[in-house]
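Asker: Residue numbers (the working numbering): 4 to 240.
Even glycine gets a Cβ: it sits at the ideal position worked out from N, Cα and C.
Computed from a predicted structure; not experimentally measured.
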Amino acid sequence: MKKLLFLACLALPCVAQAQTVAFTTEDYAPFNYREGKEIKGATVEQVEKVMAAIGVDYTIEVLPWARAFGLARTAPMTCVFATAHNGQRDPLFKWVEPLLVDRNILITRKGSGVTAGTLEEAKKYTIGTQREDYTETILKEKGFTKLDVASDFNATLRKLLSGRIDMMPISELYFEKLKGDQPLEMVTVLSSQPMGIACEKSFPEDLRAKMQAALDVLIANGEQKKIFLKYGMDLSE
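(1) Using 10 angstroms around the beta-carbon of A71, count the other beta-carbons present and answer buried if the total reaches 16, otherwise exposed.
(2) Given a threshold of 16 other Cβ atoms within 10 Å of its Cβ, counted over all protein chains shown, does N35 qualify as buried or as exposed?
(3) Quick one, which of E123, G199, Y31 and V104 has its alpha-carbon nearest A85's?
(4) Can you tell me the Cβ-Cβ gap for A56 and E203, rounded? I've got them flagged as a contact below 8 Å.
(5) If you draw a straight line from the C-alpha of T121 to the C-alpha of T191, how long is it?
(6) Which of the three DSSP states is assigned to N157 in this structure?
(7) When you compare only the Cα positions, how much space is there between D136 and G58?
(8) Mapping the DSSP letters down to three states, classify A25 as helix, strand or coil.
(9) So for L193, helix, strand or coil by DSSP?
(10) Measure the alpha-carbon distance for D155 versus A69 and round it to whole angstroms.
(11) Under three-state DSSP, which class holds P186?
(12) Going by DSSP, which residues form a beta bridge with S165?
(13) Using the Cβ count rule (16 or more neighbours within 10 Å means buried), how would you classify I141?
(14) Below 8 Å CB to CB, which residues in the same chain sit around A153 once its five sequence neighbours on both sides are set aside?
(15) Looking only at DSSP bridge pairs, what is A125 linked to?
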């Protein structure tokens, strides 16, 4: 099966000995997603602008999350985004952040009768999530045992809408867009965390530092906020 691969070589002169950075991500609109053969999204645009600012070649590939995450753990010059930065993941990667700061909430389908004012109350329900997704770790750390683990976000969402699971975790920012198209409602807050670019441990530190500096400028000059507004998300507190 032919992979959809987006290759971007930038207009700035390429240094002959420079290596290409391989970015992996998942299909999780409006942050990162495929539209035909094009890869788009609010975090995709930030990665594109960061790499354009430093003049380094790169690729972006959309994969199931477990594979996208696994490649960034094992393949040199590989980074995955947007990745939640938590205590467990901190020593596994080199980080460039934040692409955003987001809350994760537990949602259910409207009319399901599922209610939970606290996380303790939510533990009696079956919760769906994705393999190797950080929400799987969070749920386990918080004592959730009735977990249904799917291959990707869309598979979990289909299970929720069909009544095969009771709740699922989702980015609050994504939920604000998704609830206009699907019969979904919020139940309770699960967690809050920064989301960033996570690079394989041997990733060159000088290159990581350049990427971080470029992202810092993107945030400071208001460009990051403009990108999120473009995709219908207001990050104002």
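Answerer: A quick look at the data gives this:
(1) By the 10 Å Cβ count, A71 comes out buried.
(2) N35 is buried by the Cβ-count criterion.
(3) By alpha-carbon distance to A85, the top candidate from E123, G199, Y31 and V104 is G199.
(4) Actually they are not in contact, since the Cβ atoms of A56 and E203 sit about 21 Å apart, beyond 8 Å.
(5) Cα-Cα distance, rounded: 7 Å.
(6) The answer is helix: DSSP assigns N157 an H, G or I state.
(7) Cα-Cα distance, rounded: 31 Å.
(8) DSSP, read as helix, strand or coil, puts A25 in strand.
(9) Judged by DSSP in its simplified three-state form, L193 adopts strand.
(10) Distance between the alpha carbons of D155 and A69: 8 Å.
(11) Of the three classes helix, strand and coil, the one that applies to P186 here is coil, per DSSP.
(12) S165 is not bridged to any residue.
(13) When all chains shown are included, I141 counts as buried.
(14) Excluding residues up to 5 positions away in sequence, G131, T132, Q133, R134, T159 and K162 lie with their Cβ nearer than 8 Å to the Cβ of A153 in the same chain.
(15) BP columns for A125 are empty, so no partner.
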